[in-house]
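Asker: The numbers in my numbering rise by one with no breaks, and the one at position 223 of the sequence shown is 312.
Cβ atoms here follow ideal geometry from the backbone N, Cα and C, with glycine treated the same way.
In this text, all values refer to a predicted model and were calculated from it rather than measured experimentally.
This is the structure I have questions about; it appears just below.
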Amino acid sequence: MQQSLAFNIIKIVLVMVLLTVVGWVAIRYLDIAHAVSAAPTISLVGIISLYGLSHVFRMVRLALLTLDQRKQILPLVTMHAVTAFPSSFFPFKIGEVLRLIGLFALFDNKHKALAIWLVERFGDISVISLFILLLYLFDVAIPQALGYVFILFISVSVLSLLAFYATAKMLLFLNRYLVLSSSTARGLRILRASHQLRHLEATIIASLEGRFFAMLLTSVAIWACEILAVVAFIRSVSTSLNEITTYFISILSGNVPPVLSGVIETFTINKSITLAAMAVVFSLITLVVLQLRRANS
Numbered sequence: 090m091q092q093s094l095a096f097n098i099i100k101i102v103l104v105m106v107l108l109t110v111v112g113w114v115a116i117r118y119l120d121i122a123h124a125v126s127a128a129p130t131i132s133l134v135g136i137i138s139l140y141g142l143s144h145v146f147r148m149v150r151l152a153l154l155t156l157d158q159r160k161q162i163l164p165l166v167t168m169h170a171v172t173a174f175p176s177s178f179f180p181f182k183i184g185e186v187l188r189l190i191g192l193f194a195l196f197d198n199k200h201k202a203l204a205i206w207l208v209e210r211f212g213d214i215s216v217i218s219l220f221i222l223l224l225y226l227f228d229v230a231i232p233q234a235l236g237y238v239f240i241l242f243i244s245v246s247v248l249s250l251l252a253f254y255a256t257a258k259m260l261l262f263l264n265r266y267l268v269l270s271s272s273t274a275r276g277l278r279i280l281r282a283s284h285q286l287r288h289l290e291a292t293i294i295a296s297l298e299g300r301f302f303a304m305l306l307t308s309v310a311i312w313a314c315e316i317l318a319v320v321a322f323i324r325s326v327s328t329s330l331n332e333i334t335t336y337f338i339s340i341l342s343g344n345v346p347p348v349l350s351g352v353i354e355t356f357t358i359n360k361s362i363t364l365a366a367m368a369v370v371f372s373l374i375t376l377v378v379l380q381l382r383r384a385n386s
């Protein structure tokens, strides 16, 4: 009964995703047509292929982090496909919230869901920080806003590593002290929180065991494909070196001058087209797999 209910809920969610794609295409039909016609066919195929490949690598990274729970790999990559599409047009970081909700819905072990999300974010921040550092080293003119982003990302990366190391060492002594010396309600709450953090730390280590460098290499591949997609798009709309640099920095920093908003919007539509296609493909694959499993059970 519970399995049947779970199947039905998943089907409803996937059908809603398909309807969302149809609705988006209907609403943005003219913008999509303009985006498709704005670049030569070869360039458009290259842009969509590179951007799509970056998300394939994101799925590979998810699979790497879930090798200890292989049955979750297909649902996990489907979750990525169906949440990445709305993320392309939702404001702020609503798409990231959807992704977290999807992870928590998939895993009974909530520490595993949070561990995957944290490792992904760490990989992304590390690679983006390295890329911005390379821009500095090659004397590329960088806006002040992007410089602030670089400082923030470096700070987050370093502080995350230090906090992870310090927490691992501190919790061992904190637990021992609380068990031996504290009998208050507050001490018990701290002990529970300490236990949860210790469990999260162990889950992160288990997710990365023997896979840390593979995760980093996959993160590099993800952002290499995304950056190449940006470069391919810019080359399709401009041949001026100064304009190419301006477009490139604007897309990466998110600081888009009004005069460039139309061009950047075209690139955003190209991204959404790719993600819409991925959402449809993985939703249909998952629906077929669910139906086959249900028929065989």
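My output table needs one value for Thr172: the three-state DSSP class, helix, strand or coil.
Answerer: Stepping through the sequence shown from its first residue, residue 172 is reached at position 83. Looking at Thr172 - three-state DSSP - the assignment turns out to be helix.
Asker: Assess, as a yes-or-no matter, whether the segment 286 to 300 is touched by the segment 184 to 202 under the definition of 3 or more beta carbon pairs within less than 8 Å.
Answerer: yes
Asker: Relative to the alpha-carbon of Ala194, which residue among Met304, Pro175, His169 and Ile217 has its alpha-carbon at the smallest distance?
Answerer: The residue you call residue 194 lines up with position 105 of the sequence shown. Cα-wise, what sits closest to Ala194 is His169.
Asker: Alpha carbon to alpha carbon, how far is Arg287 from Ile323? Give it in angstroms, no decimals.
Answerer: Working through the sequence shown from its first residue, we reach residue 323 at position 234. Working through the sequence shown from its first residue, we reach residue 287 at position 198. Going from the Cα of Ile323 to the Cα of Arg287 covers about 46 Å.
Asker: Going along the chain, which residues of its own chain have a beta-carbon closer than 7 Å to the beta-carbon of Met148, five neighbours each way excluded?
Answerer: Here residue 148 refers to the residue found at position 59 of the sequence shown. So the list reads Val166 and His169, once near-sequence residues are dropped.
Asker: Any contact of the segment 312 to 319 with the segment 139 to 156, i.e. 3+ C-beta pairs under 8 Å?
Answerer: yes
Asker: Count the other CB atoms within 10 Å of the CB of Gly212; is the residue buried (16 or more) or exposed (fewer)?
Answerer: Translated into positions along the sequence shown, residue 212 becomes position 123. Looking at its Cβ environment, which holds 16 or more other Cβ atoms inside 10 Å, Gly212 is buried.
Asker: Between the Cα of Leu103 and those of Thr307, Gly191 and Arg159, spot the shortest distance and give me the residue it belongs to.
Answerer: By one-based count along the sequence shown, residue 103 stands at place 14. For the residues Thr307, Gly191 and Arg159, the minimum Cα distance to Leu103 belongs to Gly191.
Asker: Taking the continuous alpha helix (DSSP H) assigned at Glu298, which residues delimit it?
Answerer: Here residue 298 is taken as the residue at index 209 of the sequence shown, counted from 1. It is not in any alpha helix (DSSP H) - Glu298 carries neither H nor E in the DSSP assignment.
Asker: Since I believe Phe178 is in contact with Ser361 (beta carbons under 8 Å), could you give me their beta-carbon distance rounded to a whole number of angstroms?
Answerer: Locating residue 361 in the sequence shown gives position 272, where the first residue counts as 1. Locating residue 178 in the sequence shown gives position 89, where the first residue counts as 1. Ser361 to Phe178, Cβ: 6 Å. Contact.
Asker: Give me, in chain order, the residues of the same chain whose beta-carbon lies closer than 6 Å to that of Gln91; leave out the 5 immediate sequence neighbours on both sides.
Answerer: Translated into positions along the sequence shown, residue 91 becomes position 2. Residue confidence is low: Gln91 scores 45 on pLDDT, short of 50, so the model does not pin down where it sits. No coordinate-derived value is stated.
Asker: May I have the straight-line CA-CA distance separating Ser308 from Trp113, to the nearest angstrom?
Answerer: Locating residue 308 in the sequence shown gives position 219, counting from the first residue. Locating residue 113 in the sequence shown gives position 24, counting from the first residue. Taking the straight line joining both Cα atoms gives about 29 Å.
Asker: In angstroms, rounded to a whole number, what distance separates the CA positions of Leu224 and Ile311?
Answerer: For the purposes of this step, residue 224 is taken as the residue at position 135 of the sequence shown. For the purposes of this step, residue 311 is taken as the residue at position 222 of the sequence shown. Approximately 18 Å, taken between the alpha carbons.
Asker: Using only the alpha-carbon positions, how far apart do Val348 and Glu354 sit?
Answerer: To locate residue 348, count along the sequence shown from 1; it is residue 259. To locate residue 354, count along the sequence shown from 1; it is residue 265. Reliability of the predicted coordinates at Val348 is poor, the pLDDT of 45 falling under 50, and no value is obtained from them.
Asker: Given a cut-off of 7 Å, decide if Ala173 and Leu376 are closer than it, judged by their beta-carbon atoms.
Answerer: Here residue 376 refers to the residue found at position 287 when the sequence shown is read from its first residue. Here residue 173 refers to the residue found at position 84 when the sequence shown is read from its first residue. Not closer than 7 Å, so no.
Asker: Tell me, to the nearest whole angstrom, how far the beta carbon of Ser80 is from that of Val145; I am working on the premise that it is less than 8 Å.
Answerer: Limits of the chain in this structure are 90 at one end and 386 at the other, which puts residue 80 out of reach.
Asker: Anyone know if the C-beta pair for Arg300 and Leu153 falls short of 7 Å?
Answerer: To locate residue 300, count along the sequence shown from 1; it is residue 211. To locate residue 153, count along the sequence shown from 1; it is residue 64. Taking 7 Å as the Cβ cut-off, Arg300 and Leu153 qualify as a contacting pair.
Asker: Whole-angstrom Cβ separation of Val245 and Ile214, contact assumed at under 8 Å?
Answerer: If you number the sequence shown from 1, residue 245 lands on position 156. If you number the sequence shown from 1, residue 214 lands on position 125. 6 Å between Cβ atoms; contact.
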